[in-house]
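Asks: Under our numbering, the first residue of the sequence shown carries the number 73, and numbering increases by one thereafter.
I am attaching a structure below and will ask some questions about it afterwards.
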Amino acid sequence: MKIAITAIAAIAGAATASPYFTAANGYEGVGSAPAGALATVTIDISGIETWDEQGSAFNTVIGAGLAANAHVVGIGWDTNQIAGLDSGGASWLSEMTITFGDSTGPAALFLTPSGTGAPGTESNSSGGIFDLTVSALDFFVGADGVLSMEFFESFVDQAGAAEGLFDQGSQLQIQYVVPAPGALAMLGLGGLVAGRRRR
């Protein structure tokens, strides 16, 4: 019997099939954006497959250059998904998962665009950009400005084999705030204080 990833924040009515966002253990959102320019980047994920469990060497991990210490405040998606590519054809659409986070740390956010517990083909859309600050799911990338995304299966039906595919026309939209110089200084001071507390 398959067990779906537990979602701590369900986004109802935003997509064709119910998507789920999950915050990583211990994550706390900041809830408001610092002063600065709001920017949006669109990432084409057409052709990316989902293979094994999170962290597997078979999975695709991509990075998007945002801005140093950028505050990720929104995510949108338009996906055309195919599940059941494994030899038994048992993989579900709801097992295709994407993580988002800093390039050097653990994932801050998990997205499952489909809630369909069956193999097949399906299109899903957020219908725009979902405001992560509303549910305190927003997060920051590090000083390198890279947003890291891993594509994986939440349940592995056939290890070492592609089980799902984000087909042609699949894309993600990432909305983020470029910190103002004053905010960058405060982030640096916060790091100094945190470093002193650890000693």
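Positions of the beta carbon are idealized from the N, C-alpha and C atoms, including for glycine.
1. How about Ser142 and Val213: are their beta carbons less than 7 Å apart?
2. Give the straight-line distance between the Cα atoms of Gln247 and Pro185, rounded to the nearest whole angstrom.
3. Which one or two residues does DSSP pair with Asp116 in a beta bridge?
4. So is Pro178 buried or exposed if we call it buried at 16+ other beta carbons inside 10 Å?
5. Please state whether DSSP places Glu235 in a helix, a strand or coil.
6. In angstroms, rounded to a whole number, what distance separates the CA positions of Phe224 and Gly200?
7. Please confirm if the segment 148–165 is in contact with the segment 124–140, defined as three or more CB-CB distances below 8 Å between the two stretches.
8. Quick one: Cα of Ala233 to Cα of Asp158, how far?
9. Helix, strand or coil for Thr151? Go by DSSP, reduced to three states.
10. Between Gly156 and Ile117, what straight-line distance do the alpha-carbon atoms span, to the nearest angstrom?
11. Exposed or buried, Gln153, counting other C-beta atoms within 10 Å across all chains shown (16 or more means buried)?
12. Terminal residues of the continuous beta strand (DSSP E) containing Leu219?
13. Anyone know if the C-beta pair for Ser198 and Trp149 falls short of 7 Å?
14. Need the endpoints of the beta strand (DSSP E) that Thr169 sits in, please.
15. Write down the C-beta distance between Thr114 and Gln245 rounded to the nearest angstrom, noting that I regard them as a contact closer than 8 Å.
Replies: The answer reads as follows:
1. Stepping through the sequence shown from its first residue, residue 142 is reached at position 70. Stepping through the sequence shown from its first residue, residue 213 is reached at position 141. Residue identity differs from the one stated: residue 142 is Ala in this sequence, not Ser. The Cβ atoms of Ala142 and Val213 lie closer than 7 Å to each other.
2. Locating residue 247 in the sequence shown gives position 175, where the first residue counts as 1. Locating residue 185 in the sequence shown gives position 113, where the first residue counts as 1. Distance between the alpha carbons of Gln247 and Pro185: 17 Å.
3. For the purposes of this step, residue 116 is taken as the residue at position 44 of the sequence shown. Asp116 is bridged to Gln243.
4. Walking along the sequence shown from the start, residue 178 turns up at place 106. Pro178 should be labelled exposed.
5. Residue mapping note: residue 235 aligns to position 163 of the sequence shown, counting from 1. Coil, per DSSP.
6. For the purposes of this step, residue 224 is identified with residue 152 of the sequence shown, where counting begins at 1. For the purposes of this step, residue 200 is identified with residue 128 of the sequence shown, where counting begins at 1. The alpha-carbon atoms of Phe224 and Gly200 are separated by roughly 24 Å.
7. no
8. Counted from its first residue, the sequence shown places residue 233 at position 161. Counted from its first residue, the sequence shown places residue 158 at position 86. Near 6 Å, if we compare the C-alpha coordinates of Asp158 and Ala233.
9. Counted from its first residue, the sequence shown places residue 151 at position 79. Residue state, collapsed to three classes: strand.
10. To locate residue 156, count along the sequence shown from 1; it is residue 84. To locate residue 117, count along the sequence shown from 1; it is residue 45. Going from the Cα of Gly156 to the Cα of Ile117 covers about 18 Å.
11. In the sequence shown, counting from the first residue as 1, residue 153 sits at position 81. Gln153 is buried by the Cβ-count criterion.
12. As a position in the sequence shown, residue 219 is number 147, starting the count at 1. Per DSSP, Leu219 belongs to the beta strand (DSSP E) from Val218 to Glu225.
13. The residue labelled residue 198 in the question sits at position 126 within the sequence shown. The residue labelled residue 149 in the question sits at position 77 within the sequence shown. Closer than 7 Å, so yes.
14. If you number the sequence shown from 1, residue 169 lands on position 97. Taken as a continuous stretch (DSSP letters only), the beta strand (DSSP E) holding Thr169 covers Met168 to Asp174.
15. Translated into positions along the sequence shown, residue 114 becomes position 42. Translated into positions along the sequence shown, residue 245 becomes position 173. Rounded, the Cβ-Cβ distance is 5 Å, consistent with contact.
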